[in-house]
Every structure is written in C-alpha cells, then in structure tokens.
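Asks: Quick one: this structure, given as structure tokens, is what I'll be asking you about.
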Amino acid sequence: MRRTAGPDGWAAREPGQGLTAAAISFVVRAVGRLVVLPIAYFVMTPKAKAKNRTSESDVQADALTVPAKSPIDSAVANSDTPKRDLFGAEVASAPYQVFARRYRSRSFEEVVGQDAIANTLRNAISLGRTAHAYLFCGTRGVGKTSMARIFARALNAVDSLTQQAAIGDSIMRGQDLDVVEIDGASNRGVDDARDLIAGAGMAPARSPYKIYIIDEVHMLTQPAFNALLKTMEEPPAHVKFILCTTEPHKVPATIQSRCQRFDFRSIPTVAIAAHLRSVLTSEKLTADEAVILQVARLANGSMRDGLSLLDRLVSAASGHVSVALARDVLGLPDEELLEALLSAIADGDPGRGLATAATLLDQGMSCDHALDTIASRLRDALLLRVCGPQSELVDLPAETRSRMAVHAGKFDPPALVHLIALCDASVRNIRGSAVPRALFDAVIARLCMSEHFTSGAALLASEGAASDSKKKIIEIPRPAAAAPILPAAKPIAAPQFVSASKAFTPPTPLSTITPSQQPKPQDDVTSKSVTPRTDPNLDAVRRHPLVREAAEILDAAISRVSPRTVASTNTAAGSTAPINGTL
C-alpha cells in the first residue's frame, strides 16, 4: 500500500487501483452496463494465490481447475443481446435525443432563416478574409451557436488534415480541443478571463486555429471585459473569437468595435412550419396542418422553441398529432369558442360574450392568456379585412381562414385597431391586479359594447361642437391709428469737438429747426421713411460715427416690431414721437 497526494491530502491507495478503475470504465463503455463480479472471479497474482492457499487440496484443485470464462468475457460476447434495466424492461442501445439536438443544423445550407449571414461567412472563408472576432446577436433559438460551430468547423476541419471527419464531428458536439466553448454565465469573472488569455497563447493541437466560442457573453463582468480588450484587439494569429449574445446592448462598445457584428433575425412562421413538416417526415409521423401552424406561431420566431413544442406533442401522440391532442397538451383554446366570442363582439351581445369567455377560462386558460389569444384573433381579422382573404400575413388553415374572413367582414378596420389596443392595455392591468377576473369581465363587456361607447363619445363631441357654434364672436373695432405729430424739439446742448490741428465748429442745434422743415404725417409710419433734411449742419452730424451707429441700432429695433403693434402702442401711450426715420 502506498500513500499518494491528492486534492484533499494524503490518501491510501492499493497497487493497481487506477488501472483497475480504468479497465472497469472501458468495459462499461464497451458493453453499456456495469457488471458486478463476485470475489472468486477476480484474477489474483501467483503470490496472492500462494498466500491464500491453506491446504494441499487447494493446490490440487487449482491444478485441476480449468479456467472458466469470466463474466466480463461473457458480457462482451453477449453484448448483442437486448439490454434490460433493473426492472427487466428493455433499454435502448443509445439514449433518446430531443428534436432540438437531433435536427440541429450541421451546414450553412441547413441554417433556417439566416441566408445572408451564411453567405457572408462562406464567402469570407473562400476569399481568405476572416476576421479575428465575431459577435452574433439575436433572440433565443435562431441559430447563433449552431452557426458558430459550423463556422469553426469550416475553419479547422480542412481537407489537408487526415482526421478531418473526426475533427468536424467533435466540433459539432462541442468537444474539440481547439474549439473551446465557454459559458459566459458561469465563467464571468476576471480570473476566467485571465485563464482564457493564458490559453490563447498556446498553439492549437491539430487544427489551424484555436477558436473560442463564448455564449451569453453579455453576462461577463466589466473587469472581465476590460481584461479581454487587448487580446481581442490584437490576438495571436492562430486565435479567433466568436461571441454570442441575446442582449447586445449589454456588451460594451469597446468590445463591439473590435468584432464583426451579425444580427440574426427571428425566423418567419412559414419557415418554421416547413422545417417542422420535414422533421415529421423524417420521424415517419403525421400531424394536422392546423397543429403545425399553431406550433409555428407559438414558437415566436425561435426554431428551438418550435422543435421543443413538437417534441412534446409527439411524445403524447401515438403516430398522429391531432388538433384535440394539441389543445389538451399545450393548453390551446378551442377555435369554436374563439369564433363564437368574435361573433358576440361583432353582434354587440355582452351576455353571450361573457358566457363564452367564462367557458374559455373554465378550460384552464388564465385571464391574461385569454386576452392575448383574443387580440391575436382580432389581428387576424384586421389583416383579412384590410389585406384580403388570401393575404400571406395570416397563418391559418384554409378552412379557418374562410370562417375568419366572414367574421372580419362584420368589423370596421378602425374598430379592430381600437379593440386590439384595448386588449393590450388591459393585459398589463390584469397582470398587476388583485381582482383579475373582474377586470377581464369588464374588458369583455367593453369589447361587446364598443359601438355604444363610440357613439357616446361622438355625441359628446357633436354637442361640444354645437355649443361652440352658438357662441357669438364679438369683435372689438380697433381705433384708427392717429398720424404721428412731431413734438417741439427740446434744446440740446451742442457738444464741443476739439481737434489737435483746429477746432471743429459744431452744427446748428435741433431747436433752431423751423416747423416747416418737419415731415408731414404719413398713413403708415413703418412703410415710408421720413423725408431726410437737407440742412448741411445735420449732414455733418449724420456722418459722425457715433450718430450713425445709434441710427442703425434704432432702425434694427424698429424693424422687429409689426406696424399694428407699433401703432397700438403709440396710441395707448399718447405719444406723438416719430417711430422710424432718418436723422
């Protein structure tokens, strides 16, 4: 017995214990089950046998004993026999794999709804223009991680490698040594970022590049992002980063600027339905067309959600997925009840509408889910009413489409818009209310009596307009603007200007100007200027720089005032001074 150092201190270990564990692990992997052996079947060394012999009879027995086939050999030889669990039930050779993993895209052509991104990455590889960092953004289940693996396989599983197929399979499983997948939610600290940076400096084991796929990268902390800045800006030549996130606004701009960003679109409902049909064909199963379209709508643009819902239905079905089975498994409403509720809303019958809505709730639907479903049906009616019965915007079977077109003809498009907005606003109130059922019934009654509410609002609006029309508008006549009269000028002391060479003779004071030289009254003092005087003394004053600047400021101030305002202001003030003119 030897003592070895472990993570928890020194521990006792028998000789060959590690090899024994490795052999057991190999047998379990090869056979598929663990065989419990009794002590007599263990192969003992000669020294151990000699020690355990107690009599000559044991020696003779050992000499005459023919080695029997061990249970391990028997288990390996009978590995083709069906395997059974502890209860005797037959166990499949391989564990069941869900649709979302079994039918995951394995090439650029198989990625649904992301043709532009697939073509761009394919061309970048063929032209040798691949960047060192990429950022894949989009909602869940649109192909971000699948595209990252496909892109990594195209870069690393090249034709020159002898293990091309093995490398490609390991990359698609997420188990390759040179393609490291990191979960950003659980490895989000700065220490994890330092480990990544340290590993990036090591050369790849067998592939051209060492690729890091960081999923949910927005979960990294700010120090971790800061630690990655330098490495992501100037990484080694053999390193490439592929970052995937559902919330790109949480990724710092400094990280986004170092990456080529690709925004993955939500997958259209028609594309999801087509892929679901192909999956059912591969599984040799059938389903009603209404079920496929309903599952595609419930997927809400996510292929993974659609495959998970289909997996639930297939598990509950016995070969064919019917509408009734889908309604029971997924908790979908009855289409007949929804059509009856739309008919009650169109007819304005609140009693029938409340009774039908109560039946919907009795089937297990919540109040907010029921209103969401009603709003979705009103949206279908709006599209059929506006775009026509054959519109591709409506994902409904042919029979349901024709019935919905009949109900849509009973509504006006503005009324349908109002009803959809009312359902949306009510859902938010119901989710935070202590009495959701009361609000739900009030909303159903409001939907059925929408015409009465509309007519009442129109009546109030018409009464308000009539009362406004009865009001008499009394206009107060404006007094005529009096012609401005120049007042008698007050004597102004003439300034004295002294020059270094000679004295300057001041002009004649304004008080000496006779009334005959005053301008005549004008009808509009702002449209015509006062006739300039021809006195040479005034011309000298006008040419002075200070006087000229004051006149320009006064003219600019008067030009910003309307003539009517100037006239009314002068009339109210009783001033007879001129408003505009030239000195």
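So for the sequence shown, our numbering puts the first residue at 74; every next one is plus one. Ideal Cβ positions, reconstructed from N, Cα and C, are used throughout, including at glycine.
Under 8 Å between the Cβ atoms of arginine 452 and isoleucine 517?
Replies: no
Asks: Please tell me whether histidine 311 and lysine 357 are closer than 8 Å, where the distance is taken between their beta carbons.
Replies: Not closer than 8 Å, so no.
Asks: Which of the three DSSP states is assigned to isoleucine 418 in this structure?
Replies: helix
Asks: How would you label glutamate 409, buried or exposed, when you count the other beta carbons within 10 angstroms and need 16 or more for buried?
Replies: An exposed status is given to glutamate 409, since fewer than 16 other beta-carbon atoms sit within 10 Å of its beta-carbon.
Asks: If contacts are defined as beta-carbon pairs under 8 Å, then cysteine 317 and isoleucine 286 qualify, I think. What distance do you get, rounded to the angstrom?
Replies: 7 Å
Asks: Between the Cα of tyrosine 176 and the Cα atoms of Arg213, Ala206, Ser219 and Gly186, which residue gives the shortest distance?
Replies: Of the residues Arg213, Ala206, Ser219 and Gly186, the one whose Cα lies closest to the Cα of tyrosine 176 is Ser219.
Asks: Taking all protein chains shown into account, decide if alanine 360 is buried (16 or more other Cβ within 10 angstroms of its Cβ) or exposed.
Replies: Looking at its Cβ environment, which holds 16 or more other Cβ atoms inside 10 Å, alanine 360 is buried.
Asks: Which of helix, strand or coil does DSSP assign to lysine 217?
Replies: helix
Asks: Just checking my contact of isoleucine 223 with alanine 230 at CB under 8 Å: how many whole Å lie between their CB atoms?
Replies: At roughly 10 Å, the Cβ-Cβ gap does not stay under 8 Å, so isoleucine 223 and alanine 230 are not in contact.
Asks: Identify which residue in Ala413, His348 and Thr294 has its Cα closest to the Cα of arginine 476.
Replies: Minimum Cα distance to arginine 476 is reached at Ala413.
Asks: Mind checking glutamine 313: buried by the 16 CB within 10 Å criterion, or exposed?
Replies: The sequence shown places lysine at residue 313, not glutamine. That one is buried.
Asks: Count the other CB atoms within 10 Å of the CB of aspartate 264; is the residue buried (16 or more) or exposed (fewer)?
Replies: Aspartate 264 comes out exposed.
Asks: Would you identify the three-state DSSP class for isoleucine 517, choosing helix, strand or coil?
Replies: helix
Asks: What residues in its chain sit with their C-beta under 7 Å from that of alanine 390, if we drop five residues either side in the sequence?
Replies: Leu398
Asks: Kindly indicate which three-state DSSP category leucine 208 falls into: helix, strand or coil?
Replies: strand
Asks: Please look up how many angstroms separate the CB atoms of proline 341 and glycine 186, rounded, as I've assumed it's under 8 Å.
Replies: 6 Å
Asks: Between the segment 236-251 and the segment 273-282, do three or more beta carbon pairs fall short of 8 Å?
Replies: yes
Asks: Starting from the Cα of proline 296, find the closest Cα among Gly262, Val479, Pro486 and Gln329 and give me that residue.
Replies: Per the C-alpha coordinates, the member of Gly262, Val479, Pro486 and Gln329 positioned closest to proline 296 is Gly262.
Asks: Compute the beta-carbon to beta-carbon distance between arginine 458 and glycine 482, rounded to the nearest angstrom, for a pair I have assumed lies under 8 Å.
Replies: Indeed they touch by this definition, with Cβ atoms about 7 Å apart.
Asks: Could you pull out every residue in the same chain whose Cβ sits closer than 6 Å to the Cβ of alanine 141, ignoring the five residues on either side in sequence?
Replies: The predicted model places alanine 141 with a pLDDT of 48, which falls under 50 and marks its position as unreliable; any figure quoted below should be read in that light. Result list for alanine 141: empty, nothing under 6 Å.
Asks: Along the chain, where does the alpha helix (DSSP H) containing leucine 250 start, and where does it finish?
Replies: Premise fails: leucine 250 is in no alpha helix (DSSP H) and is neither H nor E.
Asks: What does the alpha-carbon distance come out to for the pair glutamine 329 and leucine 208?
Replies: 7 Å
Asks: Cβ atoms of alanine 326 and methionine 292: under 8 Å apart, would you say?
Replies: no
Asks: Quick one: what's histidine 617 bridged to in DSSP?
Replies: Under the DSSP definition of a beta bridge, histidine 617 lacks any partner.
Asks: Please classify arginine 504: does DSSP put it in a helix, a strand, or coil?
Replies: helix
Asks: Just tell me which of Glu182, Asp336, His393 and Leu302 has its CA closest to the CA of valine 215.
Replies: Shortest Cα-Cα distance from valine 215 to any of Glu182, Asp336, His393 and Leu302 involves Asp336.
Asks: So alanine 300 and alanine 266 are supposed to be a Cβ contact under 8 Å. How far apart are they, rounded?
Replies: 4 Å
Asks: Around the C-beta of aspartate 441, are 16 or more other C-beta atoms found within 10 angstroms, so that it is buried, or is it exposed?
Replies: Using a 10 angstroms sphere on the CB of aspartate 441, the tally of other CB atoms reaches 16 or more, which defines it as buried.
Asks: Are the segment 343-354 and the segment 373-386 touching by the rule of at least three beta carbon pairs closer than 8 Å?
Replies: yes
Asks: My output table needs one value for serine 259: the three-state DSSP class, helix, strand or coil.
Replies: coil
Asks: Alpha carbon to alpha carbon, how far is leucine 427 from valine 184? Give it in angstroms, no decimals.
Replies: 46 Å
Asks: Per DSSP, which one or two residues make a beta bridge with isoleucine 284?
Replies: Val252 and Lys313
Asks: Taking the alpha helix (DSSP H) that arginine 202 falls in, what are its first and last residues?
Replies: Here arginine 202 belongs to no alpha helix (DSSP H), and DSSP marks it neither H nor E.
Asks: In whole angstroms, what is the alpha-carbon distance linking cysteine 521 and serine 506?
Replies: So the two alpha carbons sit approximately 22 Å from each other.
Asks: Pop quiz: proline 406 and leucine 433 are said to be a contact at Cβ under 8 Å. What is the actual Cβ separation, rounded to whole angstroms?
Replies: 6 Å
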